[in-house]
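Sequential numbering of the sequence shown, starting at 8, is according to this note's numbering.
We put the beta carbon where it would ideally sit given N, CA and C, even for glycine.
Quick notes on the structure that follows.
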Amino acid sequence: MKIISLNLNGIRSAANKGVFSWLKTQQADIICMQEIKAQAADLSPEMLNPEGYFGYFHYAEKKGYSGVGIYSKVKPNKVIEGLGNPIFGYITNHMTDIDAEGRYLECQFDNLNGQKLSIISLYLPSGSSGEERQAFKFSVMARFLPHLQALIASGREVVICGDWNIAHQEVDLKNYKGNKKNSGFLPEERAWLTELFNQVGWVDVYRKLHPSTTEECYTWWSNRGQAWAKNVGWRIDYQVATGNLAASAIQASVYKESRFSDHAPLMIDYNWEL
């Protein structure tokens, strides 16, 4: 099972840069997308359902903003848009402000072998635009944690793909010394990821396969100051999985030969059947 995760920074912009032609060459089983920045009416048939794939989306209410999507070669048994649903026995109706921004989409697969698998496309908020958005980011993190705990306890195998907008460790960004007080590398954000990995039980799949890689791990570059040319990047895009699924991962890479966005595709192969 090959999974690609990519923040598109606008699906129409990425399409103009050749992302769909590239995806055809990859033969991925699952493609998770973030920052669609479009509504259903804005999307071409190819964007809605590329050849060979079923397409699903969770759009933001605000036009031209946020939004996530999943393309799957296999039709899921169930699709969950947003977090405002009674999932795993607890009510999450306090998530409506998060859902308004189109940040969570889950496809559930129950195969003939009895395996239960969930693929999630996630776009956590950025707090870089100011104190108000950073406060919202912290609020989302706090409210999302019980859901992450419930997913672990559900008995399903899960992989959460997306733009988490947090670099976890110093090895995950070029200029870690200059960013310790900046959104995306704040101590509270990093500690939250550490809790997910060390206590809740999630696995950072890329880091499992590449424990110490630095420059090759980056998935996002600022548009300022020639960050791309100088490879002054951040690793903020992850595939985070439950233990058994993470243990089946056999290779992971970041594709940088072509640019479709300010993010690069994160590609991971799992010894797992969809």
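What does DSSP give as the partner residues of W171 in its beta bridges? Its beta-bridge partners do not exist; DSSP assigns none.
Rounded to whole angstroms, what's the CA-CA distance from N238 to G74? Just pull it up for me. Going by the C-alpha atoms only, they are around 27 Å apart.
If you draw a straight line from the alpha carbon of A22 to that of F267, how long is it in whole angstroms? A straight-line Cα-Cα distance of about 8 Å links A22 and F267.
In this structure, how does DSSP classify N186 when only helix, strand and coil are distinguished? Here N186 sits in helix by DSSP.
Whose C-alpha, out of V166, E108, L131, is nearest the C-alpha of A253? The shortest C-alpha separation from A253 is found at V166.
Going by the beta-carbon positions, is the gap between D244 and L281 smaller than 8 Å? For the 8 Å CB-CB criterion, D244 and L281 do not form a contact.
What is the DSSP secondary structure of N205, counted as helix, strand or coil? In the structure shown, N205 sits in a helix (DSSP, three-state: H, G or I).
Alpha carbon to alpha carbon, how far is E195 from P132? Within the model, the alpha-carbon separation for E195 versus P132 is close to 15 Å.
My output table needs one value for D211: the three-state DSSP class, helix, strand or coil. When DSSP states are grouped into helix, strand and coil, D211 belongs to the strand group.
In terms of alpha-carbon separation, which member of E88, K24, I18 lies closest to S265? For S265, the nearest C-alpha among the options comes from K24.
Can you tell me whether DSSP reads L90 as helix, strand or coil? Reduced to three states, the DSSP call for L90 is coil.
To which residues does DSSP link Q258 through a beta bridge? Answer is D276.
According to DSSP, what are the bridge partners of S12? Note: S12 sits in a beta bridge opposite C39, L273.
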